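Right, one structure below, let's go through it.
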Amino acid sequence: MMSDLLNQFRLVRAASESICQNLEAEDYVVQPVIDVSPPKWHLAHTSWFFETFLLTEYLPGYEVFHPAWGFLFNSYYEAVGARVPRADRGNLSRPTVEEVYAYRRHVDDAMMQLLDRLINTPDTLCQPSSELEALIVLGMNHEQQHQELLITDIKYILGHNPLLPPLDIPLLRQAGGVTDDAWVAVDGGVVSIGASQAESGFTFDNEHGEHKQYLAPFQIRRSLVSNAEYLAFINDGGYRRCDLWHSDGWYWLQETQAEAPLYWQKRDHEWMAYDFNGLRPIELDLPVAHVNFYEASAFAAWRDCRLPSEAEWEVASERINWGERWEWTNSAYLPYPGFTTATGAVGEYNGKFMVNQMVLRGGSVATPEGHSRKTYRNFFQPELRWQYMGIRLARSSVE
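In terms of the numbering used here, the sequence shown has 378 at position 348, counting the first letter as 1, and numbering is strictly consecutive.
Written as structure tokens, this is what we have:
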């Protein structure tokens, strides 16, 4: 029902602000590395999305909040115009946090007007109501993606503050312990992968194109790899064995001198890890997090296993425990057969990134409830690890 769309919009917008409710004003502006955007930027950018793709197009008489803010808060939409370089987002001491929240109120009020027209007088719209509704739903899912980024970016900001301060982050779930190391055997054969045209609920364009794929029989572990298992890899010299690593991964290792997952550090011969409770001893039974594709692949090689392909993961998804860590697959991020980009600027959403990235599946403790599904295709460059990225093992079945 259309009224549900209005309630969903309100809930999504409120959730973004809830994540930030315990930040200090200074926290909103920090950008430690290029991949981490300041919280203030996320709050403004998600508002810019609704303003640019909905309000200026479909709400008669709408006036943009500030004529320069399209330049400040565009992310990567080349067709929309110029933008602040990504690495310079932390230089935006102005506009202020207060002004950004005023921007959100401005956009929310206008969106309420647009939603009211969509619900009560759809015949007055210049676009079919179904198409407009689909664009609003895309905007909400886009904001939910940024809610996850808000959590992980805030963690990076505070986790690289010398004080390593704790912070209460609403909406962040707690991971459960790894207690099941059983393996699931999956028969081979021709399987269907991707979201079908009849799929109920929202899906992104990169999930579309249900297609057949042949899989050899394989086994996949029911649970994720734990901190204890990964610590054994470290203690066995896993970060010093070139035979376990891809060539690019070994180069990354020599360049960064990494010796453990992100946020791990040794204090008095004990491994500690930073989370939103501060710096604490590692909880050995939790699934390991913040490892990149190179680390995940090296660990799998150390265990005489491999990472699953995204097709294997999707086929096995109903028989494994998932949703606490984004799980690296051994699949490059490429289009499904028949993939086409949408017309206009929104066509830049996913397709333009289908190069030099690897697919992750599942979701994490930072993913909003209900935002993920078995066909969801997340993707990142193989060296990145600031998201809640973990490891699931796979292996070929013994005939």
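A virtual CB, placed ideally from N, CA and C, is assigned to each residue, including glycine. Given the structure is predicted, the values throughout are model-derived calculations rather than measurements.
*Starting from the C-beta of Gly239, find all residues in its chain whose C-beta is less than 6 Å away, skip the five residues before and the five after it, and write them out in chain order.*
To locate residue 239, count along the sequence shown from 1; it is residue 209. Here the set comprises Gly224, Tyr366, Pro367, Gly368, Phe369.
*Whose CA, out of Glu237, Ser327, Val167, lies closest to the CA of Ser277?*
Position 247 of the sequence shown holds residue 277. Of the candidates Glu237, Ser327, Val167, Ser327 places its Cα closest to the Cα of Ser277.
*With distances taken from CA atoms, which of Ala372, Leu309, Leu245, Ala288 is nearest Ser426?*
Walking along the sequence shown from the start, residue 426 turns up at place 396. Measuring C-alpha to C-alpha distances from Ser426 to each of Ala372, Leu309, Leu245, Ala288 identifies Leu245 as the nearest.
*Whole angstroms is fine: what's the gap from Asp210's alpha carbon to Ser253's?*
To locate residue 210, count along the sequence shown from 1; it is residue 180. To locate residue 253, count along the sequence shown from 1; it is residue 223. Asp210 and Ser253 have their C-alpha atoms some 6 Å from each other.
*Can you grab the Cα-Cα spacing for the pair Phe79 / Glu259, in whole Å?*
In the sequence shown, the residue the question calls residue 79 occupies position 49. In the sequence shown, the residue the question calls residue 259 occupies position 229. CA-to-CA, the gap between Phe79 and Glu259 works out to about 42 Å.
*Where does Gln284 fall in DSSP's three states?*
Taking the sequence shown and counting its residues from 1, one reaches residue 284 at position 254. Correct three-state label for Gln284: helix.
*asked:* By DSSP's criteria, Ile223 is part of a beta bridge. Which residues make up the other side?
replied: By one-based count along the sequence shown, residue 223 stands at place 193. According to DSSP, Ile223 bridges with His241.
*From the DSSP output, read off the bridge partner residues of Val389.*
Counted from its first residue, the sequence shown places residue 389 at position 359. Its beta-bridge partners are Phe409.
*Nearest CA to the CA of His299: which residue from Asn171, Pro311, Val216, Asp305?*
Start at 1 with the first residue of the sequence shown, and residue 299 comes out as number 269. For the residues Asn171, Pro311, Val216, Asp305, the minimum Cα distance to His299 belongs to Pro311.
*Quick one: residues in its chain with C-beta nearer than 7 Å to the C-beta of Val60, no 5 flanking neighbours on either side, listed in chain order?*
Here residue 60 refers to the residue found at position 30 when the sequence shown is read from its first residue. Once the five neighbours on either side are set aside, the close Cβ partners of Val60 are Pro68, Gly120, Ile187.
*Nonlocal neighbours in the same chain, by C-beta distance under 7 Å from Ser347, ignoring five residues either side*: Counting from one through the sequence shown, the residue named residue 347 turns up at place 317. Excluding positions up to five away in sequence, the list reads Lys404.
*Nearest-angstrom Cα distance between Thr86 and Asn408?*
Taking the sequence shown and counting its residues from 1, one reaches residue 86 at position 56. Taking the sequence shown and counting its residues from 1, one reaches residue 408 at position 378. For Thr86 and Asn408, the distance between alpha carbons rounds to 30 Å.
*Based on the DSSP secondary-structure assignment, which residues constitute the bridge partners of Pro365?*
In the sequence shown, counting from the first residue as 1, residue 365 sits at position 335. Answer is none; Pro365 lacks a bridge partner.
*Asp153 versus Leu168 - alpha carbon distance*: Taking the sequence shown and counting its residues from 1, one reaches residue 153 at position 123. Taking the sequence shown and counting its residues from 1, one reaches residue 168 at position 138. Distance between the alpha carbons of Asp153 and Leu168: 22 Å.
*Tell me the DSSP bridge mates of Lys296?*
As a first step, residue 296 is located in the sequence shown; it is residue number 266 there, counting from the start. Beta-bridge pairing links Lys296 to Trp301.
*With 16 as the cutoff for other CB atoms within 10 Å, does Glu108 come out buried or exposed?*
Here residue 108 refers to the residue found at position 78 when the sequence shown is read from its first residue. By the neighbour-count rule (16 or more Cβ atoms within 10 Å), Glu108 is not buried but exposed.
*When burial is assigned at 16 or more other CB atoms within 10 Å of the CB, is His320 buried or exposed?*
Translated into positions along the sequence shown, residue 320 becomes position 290. Buried, because 16 or more other Cβ atoms sit within 10 Å of the Cβ of His320.
*Contact under 9 Å by Cβ, Gln143 with Leu89*: What you label residue 143 is simply residue 113 of the sequence shown in a count that begins at 1. What you label residue 89 is simply residue 59 of the sequence shown in a count that begins at 1. Going by C-beta atoms, Gln143 is nearer than 9 Å to Leu89.
*Segment contact flag, the stretch 195 to 214 with the stretch 131 to 141, C-beta cutoff 8 Å, min 3 pairs*: The stretch 195 to 214 makes no contact with the stretch 131 to 141, as fewer than three CB pairs between them are under 8 Å.
_Helix, strand or coil, according to DSSP, for Glu429 in the structure here?_
Here residue 429 is taken as the residue at index 399 of the sequence shown, counted from 1. In this predicted model, Glu429 has a pLDDT of only 48, less than 50, meaning its place in the structure is not dependable; the value taken from the coordinates is given anyway. It is coil, neither helix nor strand.
*Indicate, with yes or no, if the ligand ADP has a heavy atom lying under 8 Å from the CB of Glu108.*
Of the ligands one can find in the structure shown there are none, so the ligand ADP has no counterpart to examine.
*Taking the C-alpha atoms as reference points, what is the distance between Glu47 and Ala262?*
Here residue 47 refers to the residue found at position 17 of the sequence shown. Here residue 262 refers to the residue found at position 232 of the sequence shown. If I take the Cα positions, the gap works out to 40 Å.
_Helix, strand or coil at Ser339 according to DSSP, with G and I counted as helix_ = Here residue 339 corresponds to residue number 309 of the sequence shown, with the count starting at 1. Ser339: coil per DSSP, three-state reduction.
*For Leu53, which of Asp65, Leu180, Ser123, Leu148 has the nearest alpha-carbon?*
Here residue 53 refers to the residue found at position 23 when the sequence shown is read from its first residue. Comparing Cα-Cα distances from Leu53 to each of Asp65, Leu180, Ser123, Leu148, the minimum goes to Leu180.
_Buried or exposed by the 16-neighbour rule on C-beta atoms within 10 Å, applied to His75_ = To locate residue 75, count along the sequence shown from 1; it is residue 45. Per the 10 Å Cβ criterion, buried.
*Looking only at its own chain, which residues have a Cβ that is under 8 Å from the Cβ of His190, when we skip the five neighbours before and after it?*
As a working note, residue 190 is residue 160 in the sequence shown. The beta carbon of His190 lies closer than 8 Å to those of Pro62 in the same chain, with the five residues before and after it left out.
*Measure the Cβ-Cβ separation of Arg271 and Leu423 and say whether it is below 9 Å.*
Locating residue 271 in the sequence shown gives position 241, where the first residue counts as 1. Locating residue 423 in the sequence shown gives position 393, where the first residue counts as 1. Annotated as distal: Arg271 and Leu423, with beta-carbon spacing of 9 Å or more.
*Would you call Pro192 buried or exposed, if buried means 16 or more other Cβ atoms sit within 10 Å of its Cβ?*
Within the sequence shown, numbered from 1, the residue matching residue 192 stands at position 162. Its Cβ having fewer than 16 others within 10 Å, Pro192 is exposed.
*Compute the distance between the beta-carbons of Leu316 and Asn265, then report whether it is under 9 Å.*
If you number the sequence shown from 1, residue 316 lands on position 286. If you number the sequence shown from 1, residue 265 lands on position 235. No; because the gap between Cβ atoms is not below 9 Å, this pair is not in contact.
*Helix, strand or coil: which one does DSSP assign to Glu229?*
In the sequence shown, residue 229 corresponds to position 199, counting from 1. Here DSSP, grouped into helix, strand and coil, assigns Glu229 to coil.
*Mind checking which residues open and close the beta strand (DSSP E) that includes Val214?*
The residue labelled residue 214 in the question sits at position 184 within the sequence shown. Run containing Val214: 213 to 216, per the beta strand (DSSP E) assignment.
*asked:* Strictly by DSSP, which residues pair up with Ala424?
replied: As a first step, residue 424 must be located in the sequence shown, where it is residue number 394. Per DSSP, Ile250, Arg336.
*With burial defined as no fewer than 16 other Cβ atoms inside 10 Å of the residue's Cβ, what is the status of Thr397: buried or exposed?*
Residue numbering aside, residue 397 sits at position 367 when the sequence shown is read from its first letter. Label assigned to Thr397: buried.
_So the candidates are His241, Gly392, Leu73; which of them puts its Cα closest to the Cα of Gln51?_
Sequence index remark: in the sequence shown, residue 51 carries index 21 (1-based). Answer by Cα proximity: Leu73.
*Look at Trp235 and Ala372 and say whether their C-beta atoms are less than 9 Å apart.*
Taking the first residue of the sequence shown as position 1, residue 235 is located at position 205. Taking the first residue of the sequence shown as position 1, residue 372 is located at position 342. The identity of residue 235 in the sequence shown is Asp, whereas the question assumes Trp. Between Asp235 and Ala372, the C-beta spacing is below 9 Å.
*Quick one: using the 10 Å Cβ neighbour count with 16 as the cut-off for buried, is Asn150 buried or exposed?*
On the sequence shown, position 120 is the one that residue 150 refers to. An exposed status is given to Asn150, since fewer than 16 other beta-carbon atoms sit within 10 Å of its beta-carbon.
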